[in-house]
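Chemist: To start, I am sharing the structure in question, which I have written as structure tokens.
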Amino acid sequence: MHASKGFPRVRAFVLSPPFFFFATALLTWPLLAELEAFEAFYEFSRDHEDWDVDEFVMLVFNLAVALILSLWQKSKQLTRLAQEKEEERARATRNASHDPLTGLNNRRAFTSTMDTARERLSDARTVCLAMIDLDRFKPVNDLRGHAVGDAVLAGVGDRLRAAVGVDARVARLGGDEFAVLFENAASIEAVERQARRIVHMMDEPFEVGAAGVSISCSVGLVVWTPELTVAEVMRRADAALYRAKGEGRARFAWYDSDLDKRSTERAKLEVDLRAAIRSQQVQPWFQPIVDIPSYKLVGFEVLARWKHPEKGNVSPEEFVEIAEDCGLIDALSHDVLHEACLTARDWPSALSISVNVSPVQFSSQDFVRQIHSALMACDFDPRRLIVEVTETSVIADFEAAREKLTALKELGISVALDDFGTGYSSLASLRRLPFDRVKIDRSFISSIETQPTNQKIVQVILDLARGLDLDVTVEGIETAQELSYLEAQARAHGQGFLFERPLPPDEVKWRMETDWADGMVAPDRPVLHTKSRGSEAG
Ligand code: C2E
Ligand code: CA
Ligand code: CA
2 MHASKGFPRV RAFVLSPPFF FFATALLTWP LLAELEAFEA FYEFSRDHED WDVDEFVMLV
62 FNLAVALILS LWQKSKQLTR LAQEKEEERA RATRNASHDP LTGLNNRRAF TSTMDTARER
122 LSDARTVCLA MIDLDRFKPV NDLRGHAVGD AVLAGVGDRL RAAVGVDARV ARLGGDEFAV
182 LFENAASIEA VERQARRIVH MMDEPFEVGA AGVSISCSVG LVVWTPELTV AEVMRRADAA
242 LYRAKGEGRA RFAWYDSDLD KRSTERAKLE VDLRAAIRSQ QVQPWFQPIV DIPSYKLVGF
302 EVLARWKHPE KGNVSPEEFV EIAEDCGLID ALSHDVLHEA CLTARDWPSA LSISVNVSPV
362 QFSSQDFVRQ IHSALMACDF DPRRLIVEVT ETSVIADFEA AREKLTALKE LGISVALDDF
422 GTGYSSLASL RRLPFDRVKI DRSFISSIET QPTNQKIVQV ILDLARGLDL DVTVEGIETA
482 QELSYLEAQA RAHGQGFLFE RPLPPDEVKW RMETDWADGM VAPDRPVLHT KSRGSEAG
């Protein structure tokens with residue numbers, strides 16, 4: 002510190018012209034003597050006695066000044082070069098430990114922070130690690146470009162720093178993965194408050210480019226007790242993060258030892274799902290959709306079913322999410338759509354099929370082409386297909402969503418907004434997208450005849466849909482009371498266990514030849530022998 006403070010003053014003195022002139026003269030004097038320059042000079046002046054002495058002295062003096070000045074210049078250049086080298090070295094050291102995009106510590110630096118923290122662990126202090134991962138960041142990068150992605154990451158870095166203040170160490174471990182080490186936490190509750198704040202802060206849209214970017218983050222938390230190694234505490238925080246994602250993302254979760262068991266199970270399920278998709282074990286089932294109040298069969302919702310050889314039926318919500326996470330969603334959706342089209346091709350042409358599209362699948366650049374090529378491959382009329390997308394799929398990027406939905410419609414496909422009412426956007430804001438239909442989520446239908454809140458919500462959705470000229474499907478009709486309440490409100494399409502549960506293809510075929518031969522699906526039909534042929538038990 003002292004050396005670097007004193008050094009510039011010494012350098013300034015050394016480089017000052019008087020000192021420099023004096024030092025150069027002093028140093029060059031013996032050299033000139035050695036070279037017998039003075040004798041040569043004497044000889045030279047004798048030979049040129051006729052020269053004007055004044056002019057000659059001026060010439061020599063000027064030459065000497067020029068020489069000294071150029072030496073001085075050169076030395077300044079050298080000093081500057083040394084300075085630049087020094088700065089570069091400092092930059093390199095900084096880059097080795099910092100992420101240039103966010104300015105946060107990188108994985109390498111964080112690992113050494115963790116090593117040091119481990120040495121200081123004691124029972125007297127509360128140390129916690131948070132592992133943070135952005136939810137659905139990939140679509141931002143894919144659809145809005147890497148410049149936008151980078152800007153969001155930089156913003157995430159700023160918000161993390163702001164959320165945890167100076168008491169915690171924040172790092173970007175790579176990609177959209179961050180970590181925070183709380184080395185001196187007041188309590189577990191305090192760490193939890195910080196985690197909640199992190200999740201909350203990421204929920205605010207990022208002002209990037211013309212449109213804002215909305216993402217969220219999931220946080221895995223673990224308490225670092227002295228017996229845990231760095232590797233183990235990081236693994237546990239990762240497992241907790243997995244849990245936060247599994248519980249629906251945009252939240253935090255603590256590590257618990259049951260998690261290990263569950264994550265091993267999940268890893269196994271992932272392997273099994275891969276094999277199941279390869280061997281086409283995932284099959285489309287069909288749930289009837291009827292016109293209310295005529296009960297005329299208008300089509301089916303296609304619902305994927307996977308019967309695991311040991312575990313039995315796995316819920317589609319579970320395996321669709323695994324498929325999304327491990328890059329299998331396109332293959333899975335393709336197979337389900339392909340099979341569904343092959344099955345429905347032989348049914349009366351007035352019957353439509355509605356397929357579900359997951360947000361990850363929808364975000365793929367190739368999405369419309371994939372749907373189109375599946376239809377072409379089985380020669381299925383696009384006008385019989387309805388694609389159901391959820392709000393989550395479209396809010397990430399309205400413009401891209403509009404393009405895709407328009408492209409689907411140009412092919413003759415209809416588009417429905419699924420699970421409506423469960424998200425945050427208003428129907429009015431979604432009017433900017435060319436939907437044909439909204440599906441009111443089944444959570445609002447449950448006991449609607451006695452639930453004033455649900456009645457109000459459904460009434461508002463029905464009114465808005467009418468105003469915007471959108472068709473409506475009501476899902477989850479389970480009781481005759483719910484149905485009669487709905488019948489009094491509006492003409493709509495309806496589906497639910499009251500009409501029928503999802504059925505396998507051969508069961509649908511059989512029912513079309515028997516119970517539904519007149520094209521009607523009566524509600525609450527007494528359970529026939531046919532149910533035992535393979536429909537889902539109640
Ligand atoms: P969803 O799109 O809301 O599908 C309707 C879900 O409600 C289905 O659950 C259906 O079986 C269930 N359901 C129908 N009627 C009733 C009723 O009266 N009462 C109750 N309680 N439930 C009823 P399922 O088949 O378990 O599917 C769950 C979710 O998984 C679906 O929700 C959908 O988001 C997703 N999913 C299913 N198949 C696929 C698929 O092939 N691809 C994608 N991406 N997602 C799928
Ligand atoms: Ca659906
Ligand atoms: Ca739903």
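First residue of the sequence shown? That's 2 in my numbering, and the numbers climb one at a time after it. Even glycine gets a Cβ: it sits at the ideal position worked out from N, Cα and C. Model, not experiment: these values are computed from the prediction.
1. Going by CA-CA distance only, name the one from Asp419, Phe42, Leu102 that's closest to Val473.
2. Which residue from Val153, Lys405, Ser350, Thr454 puts its Cα closest to that of Phe363?
3. Short of 7 Å in beta carbon distance, which residues of its chain neighbour Asp525, apart from the five on each side in sequence? Order them along the chain.
4. Would you mind giving the Cβ-Cβ distance between Ala408 and Val369, rounded to the nearest angstrom? I have them listed as a contact below 8 Å.
5. Note down the Cα distance separating Ser1 from Gly221, rounded to an integer number of angstroms.
6. Report the residue ranges of all beta strand (DSSP E) runs contained in full by the segment 323 to 382; include only those spanning at least 3 residues, in chain order.
7. Would the beta-carbon of Asn107 be found less than 6 Å away from any heavy atom of ligand 2?
8. Helix, strand or coil, according to DSSP, for Thr226 in the structure here?
9. State yes or no: is the C-beta of Asn357 nearer than 6 Å to some heavy atom of ligand 4?
10. I'd like to know whether the C-beta atoms of Ala303 and Ile290 end up nearer to each other than 7 Å.
11. For Ser485, tell me which candidate among Gln456, Pro505, Glu50 has the shortest Cα-Cα distance.
12. At what residue ranges does the segment 159 to 217 contain a whole run of the alpha helix (DSSP H), taking only runs of 4 or more?
13. Secondary structure at Asp525, three-state DSSP: helix, strand or coil?
14. DSSP three-state call for His147: helix, strand or coil?
15. Just how far apart, CA to CA, sit His76 and Asn142?
16. Using the Cα positions of Arg275 and Leu329, report the straight-line distance between them to the nearest angstrom.
17. Under 8 Å by Cβ, that's how I've got Ser350 and Arg385 pegged, so tell me the actual separation to the nearest angstrom.
18. Taking the continuous beta strand (DSSP E) assigned at Ala489, which residues delimit it?
19. To which residues of the same chain is Gly104 closer than 7 Å at the C-beta, ignoring the five residues directly before and after it?
20. I'd like to know if the segment 238 to 257 and the segment 461 to 468 are in contact, where contact means that at least 3 CB-CB pairs between them fall below 8 Å.
21. The beta strand (DSSP E) that contains Gln394, what's its start and end?
22. Within the continuous beta strand (DSSP E) that includes Asn314, where are the two ends?
23. Is Gly495 near Ile293, with beta carbons less than 7 Å apart?
24. Do the CB positions of Phe179 and Ile216 come within less than 7 Å of each other?
25. Tell me whether the segment 373 to 393 and the segment 152 to 171 touch, counting them as touching only if at least three CB pairs, one residue from each stretch, are closer than 8 Å.
26. Taking buried to mean at least 16 other C-beta atoms within 10 Å of its own C-beta, is Pro19 buried or exposed?
27. Is any heavy atom of ligand 2 found at a distance shorter than 6 Å from the C-beta of Glu88?
28. Buried or exposed: Ser17, going by 16 or more other Cβ atoms within 10 Å of its Cβ?
29. Locate the beta strand (DSSP E) running through Leu274, then write down its first and last residues.
30. State yes or no: is the C-beta of Arg237 within less than 7 Å of the C-beta of Val224?
31. Quick test of your reading: Thr391 and Pro360, contact by CB under 8 Å. State the CB separation rounded to the nearest angstrom.
32. Return the CA-CA distance between Thr94 and Gly247, expressed in angstroms with no decimal places.
33. Measure the Cβ-Cβ separation of Thr423 and Asp437 and say whether it is below 7 Å.
34. Do Arg252 and Asp136 have their beta-carbon atoms positioned less than 7 Å apart in this structure?
35. Looking at the structure shown, is Phe498 part of a helix, part of a strand, or coil, going by DSSP?
36. Along the beta strand (DSSP E) that carries Thr454, what are the first and last residues, could you check?
Modeler: Taking the structure as given:
1. Here the closest residue by C-alpha is Asp419.
2. Lys405
3. Ala481, Leu499
4. 4 Å
5. Only positions 2 to 539 of the chain appear in the structure, and residue 1 is not among them; the question remains open.
6. 353 to 358
7. Not one heavy atom of ligand 2 falls within 6 Å of the beta-carbon of Asn107.
8. It is coil, neither helix nor strand.
9. No copy of ligand 4 occurs in the structure displayed; its ligands are ligand 1, ligand 2 and ligand 3 alone.
10. Correcting the residue type first, residue 303 is Val in the shown sequence and not Ala. In this structure, Ile290 does not lie closer than 7 Å to Val303 by Cβ.
11. Gln456
12. 189 to 204
13. coil
14. helix
15. What sits at residue 76 in the sequence shown is Ser, not His. When rounded, the distance between both Cα atoms is 50 Å.
16. 7 Å
17. Ser350 to Arg385, Cβ: 7 Å. Contact.
18. It is not in any beta strand (DSSP E) - Ala489 instead sits in the alpha helix (DSSP H) that spans 481 to 490.
19. Gly158
20. no
21. It is worth fixing the name first, because residue 394 is Ser in this sequence and not Gln. Here Ser394 belongs to no beta strand (DSSP E); instead the alpha helix (DSSP H) covers 392 to 396.
22. 313 to 315
23. yes
24. For Phe179 and Ile216, no; Cβs fall outside 7 Å.
25. no
26. exposed
27. no
28. exposed
29. Looking at the DSSP string, Leu274 is not in any beta strand (DSSP E); the run it does join, the alpha helix (DSSP H), is 259 to 279.
30. no
31. 7 Å
32. If you draw a straight line from the Cα of Thr94 to the Cα of Gly247, it is about 39 Å long.
33. no
34. In this structure, Arg252 does not lie closer than 7 Å to Asp136 by Cβ.
35. The answer is coil: DSSP assigns Phe498 none of H, G, I, E or B.
36. First-last for Thr454: 453 to 468, but that is the alpha helix (DSSP H), not the beta strand (DSSP E).
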